[in-house]
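Novice:
2 protein chains.
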Amino acid sequence: MNGEKLPSYDTNPGEWYTEIIQKAELADIRYGVKGALVFQPWSVECMEKMYDYFEADLKKRGHKNYWYPALIPESYFQKEAEHIKGFTPEVFWVERGGEEKLEERLALRPTSETAFYTMFAQWIRSYKDLPFRTYQRANVYRYETKATRPFLRSREFYWIETHCAFRTKEEAYQNVLEDMETTKRVVYGIFGIPTIVFERPAWDKFAGAGRTFGADAITPQGRVVQQPSTHMINQHFPKVFGVKYTDSDEKEKTPYTTCYGPAISRIMASVILTHGDNKGLKFPFEIAPKQIVIIPILAEKEPKVIDKAKELLETLEEKGYRIELDTTDKRPGEKFYFWEMKGVPLRIEIGPKDLKTKKFTMYRRDTEEKTTINENEIIENIEKQGKELSENLKKKAMKTFNGLIKDAKSIDEIKKIVGTGIARTNFCSVEKDGVNCAETIEKETGGKIRGTRIDIEDKLIDEGKCVVCGKKANHVVYIAKDY
Amino acid sequence: MNGEKLPSYDTNPGEWYTEIIQKAELADIRYGVKGALVFQPWSVECMEKMYDYFEADLKKRGHKNYWYPALIPESYFQKEAEHIKGFTPEVFWVERGGEEKLEERLALRPTSETAFYTMFAQWIRSYKDLPFRTYQRANVYRYETKATRPFLRSREFYWIETHCAFRTKEEAYQNVLEDMETTKRVVYGIFGIPTIVFERPAWDKFAGAGRTFGADAITPQGRVVQQPSTHMINQHFPKVFGVKYTDSDEKEKTPYTTCYGPAISRIMASVILTHGDNKGLKFPFEIAPKQIVIIPILAEKEPKVIDKAKELLETLEEKGYRIELDTTDKRPGEKFYFWEMKGVPLRIEIGPKDLKTKKFTMYRRDTEEKTTINENEIIENIEKQGKELSENLKKKAMKTFNGLIKDAKSIDEIKKIVGTGIARTNFCSVEKDGVNCAETIEKETGGKIRGTRIDIEDKLIDEGKCVVCGKKANHVVYIAKDY
């Protein structure tokens, strides 16, 4: 809350990110567990809204809401070899309750397939039970060995996980596509974060999945932030857990399953990074922790200004807006600076002369424009300017995003792009036999292959040779550094 | 979902409780961790609403929303001797991350004072920062040695915890009283569960607290279910954690703190137990997982019935109601029986002739009355009957509750009351010197002293002698068996 200047978002985004988290009181890293952090109201209010939008969308698609235990028996994990291999290096183990050693070690959930599938085996009996769509809002725990960074990578994070079962592979795949539509509707449509949907290469699949898809956002500085992933688990996993149903032909069959995992706390990182500027944060109107701040001007000379401000606060609160009235003893200029840094979309200024004219000044955080509005048209103005602000943030983000995607025809060209953008290039194979070329790219450029697009037919560049081995390219892939 | 009859709520409430949880699909106990359970959509939807009401009330009172890590370093715990003594027998310990032994054991939060206070020491600087009101919605973990029972006592449960700091003891006590008002407004006002607020005896305080207050609900069968507790932590705890502020007189002082803990999953047990009947569950309209079910009648003869039902479903969903349309191939009678058991407040029946008359039949779960309503007055009718149902459940619960409180003048009389009600009696002292008499009562009657009332001045019975030792009684106390 002090007056020190923020590092520049344009030229020093890394430090800007670290500083804004502290200055805007989004989260406090001074907690005694490495990689864990205390989320403060300014981020929690926003993330609660983000949960609401995701959950409403999933419910509309027929997902039902469960609460599963955070503790998962080790024996559940051990049923599926790839899964245990993928997750055990990252599991927090509970081995003791009070003074007693537990009979079986319990994993603090790193993900919940094993817990959900164990119950699916009890609940799913008939084809009439399918499709079976479930989700839970939960925290997950991973003993990260990589460097942690607030919101981007921490040892406890906040997500939603869906687990669904279907009669056919086609239906399951359809659900994967719908998951990606949810991502688009919510992450882009509401939060204003553009993404590309990739199918991940074979070497980058979720432990135990058949196919993995992921949406990638990219910061204006050119680093990828992974958004929700969705997985075709197929039949192997449900088989291991004994999930089966009697079909209409009386035969016993195994369903096809999928899962989808929007990590709310990581998407929050994209909200911070995508919409920020040199002044601080910006939030889309729908998810802003506070949507409006009222600043009384010269109230020490005209006490009625405060009465008016309070009256307006009440009116707008009743309408359901999230609103703040700043009555601290700071000067108006300081207050402006502070709430702009916090990213409040709209500011209403009320001074002594406004009491007579019944007009207020409204400031918009994105355009930095001030307009004069009539008191009796205030709701319409808030609605209009709030909507315009969100649309403007989206448009701006999309424009930046599109400018970050560049074609590359050689490893040198990839090297030039990676770090400031995402390179689009020809590649031999995203199956296992392409892994050597992928490793070369990572070693030479520092970028990772994000995958192939499933939303468009992506045409090969020029003669269509793999940028590494020169053999016939089968795919266009995208390469970037990630967080 | 099968057709077997429920055990009687009136004569066999224990079995009724176990069965209804399974039959109504509130929670599944077949999960592989003892004392943990999987909450299913029918309880989750209700508990989400319960969270909403509590959180809205707390926010209105100025509490801000935090998310703290679930893992608490052992060193935080060890700072306060009573607290560690009180909680360590119940702590789940994380000792390993992946293959590595952690440098310090981490407690899976059994409660979060130590985590909150550690951060308070960083955040609270000046008297201007006070009052400082915070809360989080979280899961807590306790390695219970007592027998667990779904919703009533489990090893993972769902709660809200508030942690607040004040300048004076009076302000802190005022906040305790406001917490109890929140309990009344939400637990009684919305959920329809009557409670009495007690100050707990000295031997029953929260580990580390100065004074402990608790609201007790009581089932129609006479067993207490503890509702939210609130604690005057006073200054000792903040001192231990170095929480201090500079007052307006420039002196450094220690704030007084309080905490309040509504356990949502346990309050849910009271909703089940208080409002149930021989047919199954009943929910207040505001927190019902589904508020209305639409049952099409004879749709096989008149397909337009389904169109009408769907049209109505959409209209009501748009209005924000939680609503179900049952298009399964069961007979209407079976559907009635099923949704009554599930506790849906209102049922709308639509048959072929209703399409012409534009009138529907509406059934109310509490009164079991059917009324005929005009299609164009459906919203008003839902609002009116929903409100009446909630009021009726409240009134009925309060009447039962009042009938359960009985005066007792001897240990024998207490013995007769305990188990079917709550005994009100004279008692020598709720300070440490009364503990022997309390133990006698518990041994002889199986009931526990719940405490003294703080909401009314409770007059001693007759000559005012302690029911156990015969010495001068200083208090009226209440005795009951609890869950």
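From first to last, the protein sequence lines stand for chains A and B. Here the first sequence stands for residues 4 to 486, numbered as in the working numbering. Here the second sequence stands for residues 4 to 486, numbered as in the working numbering. All C-beta atoms, glycine included, are put in the ideal place defined by N, C-alpha and C. Being a predicted model, the structure only gives us computed values, none of them experimental.
(1) Here's the rule I'm using: 16 or more other beta-carbon atoms within 10 Å means buried, otherwise exposed. How should B/Lys397 be labelled?
(2) Do B/Asn142 and B/Glu116 have their C-beta atoms closer together than 8 Å?
(3) Would A/Asp31 pass as an interface residue toward chain B - the criterion being a Cβ-Cβ separation below 8 Å?
(4) For the region 291-321 of chain A, which residues have a beta carbon sitting closer than 7 Å to at least one beta carbon of chain B?
(5) I need the boundaries of the alpha helix (DSSP H) containing B/Asn439, first residue and last residue.
(6) Where does B/Glu58 sit, in a helix, a strand or coil, going by DSSP?
(7) Helix, strand or coil for B/Ala411? Go by DSSP, reduced to three states.
(8) For a contact defined as C-beta to C-beta under 8 Å, what are the partners of A/Gln125 on chain B?
(9) Do B/Ala27 and B/Leu40 have their beta-carbon atoms positioned less than 8 Å apart in this structure?
(10) Report yes or no: is there a C-beta of chain B within less than 8 Å of the C-beta of A/Met122?
(11) Does any residue of chain B have a CB that is nearer than 8 Å to the CB of A/Gly101?
(12) Quick check on this structure: which residue in A/Arg427, A/Leu155, A/Pro134 has the alpha carbon closest to the alpha carbon of A/Cys167?
(13) Just how far apart, CA to CA, sit B/Ile309 and B/Ala302?
(14) Identify, in the order they occur along the chain, each residue of the same chain with its Cβ nearer than 8 Å to the Cβ of B/Lys333, setting aside the five sequence neighbours on each side.
(15) By a C-beta neighbour count over all protein chains shown, 10 Å radius and 16 as the cutoff for buried, is A/Ala59 buried or exposed?
(16) Using the beta-carbon count (16 or more within 10 Å), is B/Asn405 buried or exposed?
(17) Pair every Cβ in the region 234-246 of chain B with every Cβ in the region 433-445 of chain B, then say whether three or more of these pairs are closer than 8 Å.
(18) By alpha-carbon positions, which one of B/Arg64, B/Ile24, B/Lys409 ends up nearest to B/Leu155?
(19) Compute the Euclidean distance between the alpha carbons of A/Arg152 and A/Tyr248, then round it to the nearest angstrom.
(20) Against chain B, with Cβ distances strictly below 8 Å, would A/Ala168 count as a contact?
(21) Hey, is the region 255-269 of chain B in contact with the region 163-177 of chain B, meaning 3+ C-beta pairs nearer than 8 Å?
(22) Going residue by residue through the region 372-425 of chain A, where are the continuous alpha helix (DSSP H) segments of at least 4 residues, counting only ones entirely within it?
(23) B/Ile464 and B/Asp415: beta carbons closer than 8 Å?
(24) Can you tell which of A/Arg128, A/Lys418, A/His278, A/Phe216 has the C-alpha that lies nearest to the C-alpha of A/Tyr176?
(25) Please check if any C-beta of chain A sits within less than 8 Å of the C-beta of B/Pro153.
(26) The beta strand (DSSP E) that contains B/Pro355, what's its start and end?
(27) If we require 4 or more residues per run, which alpha helix (DSSP H) segments fall completely within the region 117-163 of chain A?
(28) If the cut is a Cβ gap below 7 Å, which residues of chain B does A/Gln490 touch?
(29) Give the range of the beta strand (DSSP E) segment to which A/Ala483 is assigned.
(30) Do you know how far the Cα of A/Pro92 is from the Cα of A/Leu74?
(31) Identify the contact partners of B/Pro76 in chain A, using a Cβ-Cβ distance below 7 Å as the criterion.
(32) Between A/Leu284 and A/Gly346, is the Cβ-Cβ spacing less than 8 Å?
(33) How many Å lie between A/Glu442 and B/Phe57 at the Cα?
(34) Nearest CA to the CA of A/Phe90: which residue from A/Phe80, A/Glu98, A/Asp250?
(35) Of all the residues that make up the region 79-99 of chain A, which are near chain B by a beta-carbon distance shorter than 8 Å?
(36) Quick one: Cα of A/Gly101 to Cα of B/Lys37, how far?
Specialist: If we stick to the structure as given:
(1) With 16 or more other CB atoms across the displayed protein chains lying within 10 angstroms of its CB, B/Lys397 is buried.
(2) No; because the gap between Cβ atoms is not below 8 Å, this pair is not in contact.
(3) For A/Asp31, at least one C-beta of chain B is nearer than 8 Å to its own C-beta.
(4) For the region 291-321 of chain A, which is checked against every Cβ of chain B, not one residue is closer than 7 Å.
(5) For B/Asn439, the enclosing alpha helix (DSSP H) has its first and last residue at 438-448.
(6) Of the three classes helix, strand and coil, the one that applies to B/Glu58 here is helix, per DSSP.
(7) Note: B/Ala411 maps to coil in three-state DSSP.
(8) Residues of chain B passing the Cβ test: Asp31, Arg33.
(9) B/Ala27 sits away from B/Leu40, with the two beta carbons spaced by 8 Å or more.
(10) Closer than 8 Å to some Cβ of chain B, the Cβ of A/Met122 qualifies, so yes.
(11) Yes, A/Gly101 counts as interfacial toward chain B.
(12) The residue with the shortest Cα to Cα distance from A/Cys167 is A/Pro134.
(13) Their backbone Cα atoms lie some 6 Å apart in a straight line.
(14) Excluding positions up to five away in sequence, the list reads Phe341.
(15) With fewer than 16 Cβ atoms within 10 Å of its Cβ, A/Ala59 is classed as exposed.
(16) With fewer than 16 other Cβ atoms within 10 Å, it is exposed.
(17) The region 234-246 of chain B vs the region 433-445 of chain B: no contact.
(18) The option with the nearest alpha carbon to B/Leu155 is B/Ile24.
(19) Approximately 44 Å, taken between the alpha carbons.
(20) Output row for A/Ala168: interface = no.
(21) At 8 Å Cβ cutoff, the stretches touch.
(22) Whole alpha helix (DSSP H) segments, 4+ residues: 381-407, 414-420.
(23) In this structure, B/Asp415 does not lie closer than 8 Å to B/Ile464 by Cβ.
(24) Each of A/Arg128, A/Lys418, A/His278, A/Phe216 was checked against the Cα of A/Tyr176, and the nearest Cα belongs to A/Phe216.
(25) In terms of beta-carbon proximity, B/Pro153 stays away from the interface with chain A, with every pair separated by 8 Å or more.
(26) Per DSSP, B/Pro355 belongs to no beta strand (DSSP E); it is in the alpha helix (DSSP H), 355-360.
(27) Positions of the alpha helix (DSSP H) runs, each at least 4 residues long and wholly inside the region 117-163 of chain A, cannot be given because no such run exists.
(28) The requested residue 490 of chain A is not part of the displayed model; chain A covers only 4 to 486.
(29) Looking at the DSSP string, the run of the beta strand (DSSP E) that includes A/Ala483 is 478-485.
(30) A straight line joining the alpha-carbon of A/Leu74 with that of A/Pro92 spans about 17 Å.
(31) The answer, in chain order, is Gly35, Val36.
(32) Contact flag set, yes.
(33) One C-alpha to the other measures close to 53 Å.
(34) Per the Cα distances, A/Phe80.
(35) Listed by position along the chain: Tyr79, Thr91, Pro92, Glu93, Val94, Phe95, Trp96, Val97, Glu98, Arg99.
(36) So the two alpha carbons sit approximately 15 Å from each other.
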